[in-house]
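Trainee: Counting in my numbering, the sequence shown runs from 8 upward without gaps.
My questions will all concern the structure given below.
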Amino acid sequence: MISYLVYVIISIVLCTQHTLAAVDEVSTAKNNSVEITKGINGLDKIILRQIHGSAVELYLYGAHVTSWKNDHGEELLLLSSKAIFSPPTAIRGGIPIIFPQFSNLGPLRSHGFARNRVWTIDTNPPPFPPKTINGVFVDLLLKPTQDDLNIWPNSFEFRLRVTLGIKGDLTMTSRIKNTNTDDKPFNFTFAYHNYFRVSDISEVRVERLKSLDYLDNLQNRTRFTEEQDAVTFNAEVDRIYLSTPTKIPILDNKKKQRISVHKNGLPDAVVWNPWNKSIVDLGVDDYKSMVAVEASAIGKPVVLKAGEEWKASQRLSAVTSR
Numbered sequence: 008m009i010s011y012l013v014y015v016i017i018s019i020v021l022c023t024q025h026t027l028a029a030v031d032e033v034s035t036a037k038n039n040s041v042e043i044t045k046g047i048n049g050l051d052k053i054i055l056r057q058i059h060g061s062a063v064e065l066y067l068y069g070a071h072v073t074s075w076k077n078d079h080g081e082e083l084l085l086l087s088s089k090a091i092f093s094p095p096t097a098i099r100g101g102i103p104i105i106f107p108q109f110s111n112l113g114p115l116r117s118h119g120f121a122r123n124r125v126w127t128i129d130t131n132p133p134p135f136p137p138k139t140i141n142g143v144f145v146d147l148l149l150k151p152t153q154d155d156l157n158i159w160p161n162s163f164e165f166r167l168r169v170t171l172g173i174k175g176d177l178t179m180t181s182r183i184k185n186t187n188t189d190d191k192p193f194n195f196t197f198a199y200h201n202y203f204r205v206s207d208i209s210e211v212r213v214e215r216l217k218s219l220d221y222l223d224n225l226q227n228r229t230r231f232t233e234e235q236d237a238v239t240f241n242a243e244v245d246r247i248y249l250s251t252p253t254k255i256p257i258l259d260n261k262k263k264q265r266i267s268v269h270k271n272g273l274p275d276a277v278v279w280n281p282w283n284k285s286i287v288d289l290g291v292d293d294y295k296s297m298v299a300v301e302a303s304a305i306g307k308p309v310v311l312k313a314g315e316e317w318k319a320s321q322r323l324s325a326v327t328s329r
């Protein structure tokens, strides 16, 4: 109820004054549960906080979650030590939004353009089911620019709600609507590109993928079947698992931590670690402390008729044995 009131107050302020300073004033009055401030290189950043100490930080640039901390202040996401906070370069690490194209599976630049655009705060989103209001949240909105329409001629509205739950869970709910006025359908692929922080990649297991088919990006997307009980890492891994379960656990044995990816409307999952491959905006040793497990829709592109809306979500939770 408190978070709902915070949202209403923020919406009223934004509608009447349209200034980030006003949002900050309201946030402060509500114990800083929602705050808008300046981040790296002066980019606008939103901070969500829960009373027990968990927190989420996200940038309006890319609607990009860059930090997710548990009640003990421990960081659960990996942000590259060489991340570039300078548009139009995408931010490396955290949770980039991949839309409308995953990787090079289409005519656009790899991973589409949603992660390279400045989103706005959505002050009047269509109603969400009541259960999604349980927590501190912010609603963001992306509409195509003329540059977007030049390279991908489709009108759309992409609404994203980012929620920090009472227990520190991070939920991201996406709603994409085809707003073409010429009755033209469009299709897209999608992913939440989660970079999880781990203690040692050699101690990590990604479970519940045994016997599933996957496309190996290191072998021209050749299709294989997973034979191991869990995916482990001693070299580069880059796979698209198809028709995956709704919950995928990630075990960090050294840290005694379990992170779970709970997904809805996202049938696939990418598992990736670049090992020691040279990536210009990824620190040389960052691969040792990260694993990417991405809730996605890739194997079968989503097709939307004019006027239709697609909904999908992921909820991330973390438990540490102490």
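Beta carbons are placed, not taken as given, at the ideal position from N, Cα and C, and that holds for glycine.
#1: Quick check for students: name the residue ranges of the beta strand (DSSP E) that lie wholly in the region 136–220, counting only runs of 3 or more.
#2: Which whole-angstrom value is the C-beta distance of Leu50 and Tyr66, which I expect to be below 8 Å?
#3: For Ile266, is the beta carbon positioned less than 7 Å from some heavy atom of the ligand ZN?
#4: Can you round the beta-carbon distance between Tyr68 and Val125 to whole angstroms, since I take them to be within the 8 Å contact cut?
#5: Measure the CB-CB distance between Ile98 and Tyr199 and report whether it falls below 8 Å.
#6: So Asp295 is in the beta strand (DSSP E); what residue range does that whole segment cover?
#7: Quick check on the burial criterion: 16 or more other C-beta atoms within 10 angstroms. Buried or exposed for Ala242?
#8: Under the DSSP definition of a beta bridge, which residues are partnered with Ser88?
#9: Quick check on the DSSP output: the beta strand (DSSP E) that includes Trp317 runs from which residue to which?
#10: Considering only the alpha carbon of each residue, which of Asp259, Pro133, Tyr294 lies closest to Ala325?
#11: Measure the Cβ-Cβ separation of Leu323 and Arg204 and say whether it is below 8 Å.
#12: Have a look at Gln226, Asp155, Gly100, Ser61 and flag the residue whose alpha-carbon is nearest the alpha-carbon of Arg246.
#13: Ordered along the chain, which non-local residues of its own chain (more than five positions away) have a Cβ less than 6 Å from that of Asn123?
#14: Short of 7 Å in beta carbon distance, which residues of its chain neighbour Asp129, apart from the five on each side in sequence? Order them along the chain.
#15: Buried or exposed, going by whether 16 or more other CB atoms sit within 10 Å of the CB of Pro114?
Mentor: In this structure, then:
#1: Restricted to the region 136–220, the beta strand (DSSP E) segments that are unbroken, complete and at least 3 residues in length are 143–149, 163–171, 177–185, 193–199, 202–204, 211–214, listed in chain order.
#2: By a beta-carbon distance limit of 8 Å, Leu50 contacts Tyr66. Their separation comes to about 5 Å.
#3: In terms of ligand content, the structure shown is empty, and the ligand ZN therefore cannot be addressed.
#4: About 5 Å; that satisfies the 8 Å criterion.
#5: No, they are not a contact pair.
#6: Here residue 295 turns out to be Lys, not Asp, going by the sequence shown. Unbroken run through Lys295: none, as it is neither H nor E.
#7: Under this definition Ala242 is an exposed residue.
#8: Answer by DSSP bridge pairing: none, since Ser88 is not bridged.
#9: Note, Trp317: beta strand (DSSP E), 316–327.
#10: Among Asp259, Pro133, Tyr294, the Cα nearest to that of Ala325 belongs to Asp259.
#11: Judged by their CB atoms, Leu323 and Arg204 are not nearer to each other than the 8 Å cut-off.
#12: Restricting attention to Gln226, Asp155, Gly100, Ser61, the CA atom closest to the CA of Arg246 is found in Gln226.
#13: So the qualifying residues of the chain are Pro95, Ala97.
#14: Excluding sequence neighbours, Asp129 sits near Asp146, Leu147, Leu148, Arg166.
#15: Exposed.
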